[in-house]
Amino acid sequence: MKSIADGAIEMSKGFKSSASEIVDSMKLIGSQAPELLQNQDALMKVTEAANVLSEAAGIEVVDAAKGVTTVMN
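Position one of the sequence shown corresponds to residue 1 (the UniProt record's numbering), numbered consecutively onward.
Take a look at the structure:
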């Protein structure tokens with residue numbers, strides 16, 4: 001299983017967000033949905049969804065992560 005950092009670096013290659021911004025969004029997602037911290041694959045998928053929303057809406061990935069976690073809760 002990849003580390004969170006490796007996953008963020010890999011994800012940054014497919015999106016406009018930097019690896020650092022992706023890690024920040026993962027931290028936010030994990031704090032808002034702690035159950036995802038037990039499942040790295042689920043955390044990565046939710047983070048990927050936040051990146052898709054970020055690019056589609058033209059907003060920062062952390063703001064998109066806030067939106068995704070608001071809907072989840």
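Using N, Cα and C, we set each Cβ at its ideal position, and we do this for glycine too.
Within 8 Å of any Cβ in chain D, is that where the Cβ of residue i sits?
i  : result
G7 : Structure shown: chain D not included; a single protein chain is present.
For residue i, does the count of other Cβ atoms within 10 angstroms reach 16, so buried, or fall short, so exposed?
i   : result
V71 : exposed
E21 : buried
A5  : exposed
G58 : exposed
Between the C-alpha atoms of residue i and residue j, what's the straight-line distance to the nearest angstrom?
i   : j   : result
M44 : M26 : 8 Å
S12 : Q38 : 22 Å
A56 : G14 : 14 Å
S54 : P34 : 22 Å
Please list, in chain order, all residues of the same chain as residue i whose beta carbon is under 7 Å from its beta carbon, the five residues on each side excluded.
i  : result
I9 : A19
M1 : Note that M1 has pLDDT 48, beneath the 50 cutoff, so the model's placement of it is unreliable and no number is given.
Going by Cα to Cα distance, which pick from the options is closest to residue i?
i   : options       : result
V52 : A33, N73, K16 : K16
Apart from the five residues on each side of it in sequence, which residues of its chain come closer than 6 Å, Cβ to Cβ, to residue i?
i   : result
A64 : A50, L53, S54
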